[in-house]
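If you count the sequence shown from 1, position 73 lands on 73 in the UniProt record's numbering, and the numbers rise without skipping. Every residue gets a Cβ at the ideal spot worked out from N, C-alpha and C, and that includes glycine. All figures in this text were calculated on a predicted structure; none of them were measured in a lab. Comments concern the structure below.
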Amino acid sequence: MPKVKEKKRFSLKKWKSEDMVNAIVAVREKRMGYVAASKRFNVPRSTLFDYVRSNSEPTKAVKSKLGRKPTLPASLEEKLVDYVLMMERKYFGCTRNDVKKLAYQLAK
Numbered sequence: 001m002p003k004v005k006e007k008k009r010f011s012l013k014k015w016k017s018e019d020m021v022n023a024i025v026a027v028r029e030k031r032m033g034y035v036a037a038s039k040r041f042n043v044p045r046s047t048l049f050d051y052v053r054s055n056s057e058p059t060k061a062v063k064s065k066l067g068r069k070p071t072l073p074a075s076l077e078e079k080l081v082d083y084v085l086m087m088e089r090k091y092f093g094c095t096r097n098d099v100k101k102l103a104y105q106l107a108k
């Protein structure tokens, strides 16, 4: 039997928000560098680097959402969900490809 590699699972955002804010402030005020701040406050160096480079306030930067930005606005997404649920109530189910095509047409 061939060996199957297990995928590593990464958990996002293991650091505390207060620690990240303190690290951002320390680096921006030039009290310490990226590496020292990341070790002292126990936050990822690359994430700290990204947050320091953003010109927003430290608290706003930390509270930003992780992951990709949605391509559809929330209102269009709700319309798509309502349409799919209505079609399901009428016993005309939509396949995954149908939903993808509808989303693409809405995004245009």
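query	result
Contacts around Asn-22, its chain only, beta-carbon distance under 7 Å, and the 5 residues preceding and following it disregarded	Phe-41
Nearest residue (CA-CA) to Lys-108, options Thr-71, Val-81, Arg-45 and Phe-92	Thr-71
For Lys-13 and Leu-66, believed in contact at Cβ under 8 Å, the rounded distance	6 Å
Buried versus exposed, by CB contacts within 10 Å (16 or more), Val-62	buried
Buried or exposed (CB count within 10 angstroms, at least 16 for buried), Leu-85	exposed
Own chain, CB closer than 7 Å to Glu-6, minus 5 neighbours either side, in chain order	none
Cβ contact (3+ pairs, closer than 8 Å) linking the segment 47–58 and the segment 75–84	no
Pairwise C-alpha distance: Lys-100 and Tyr-91	19 Å
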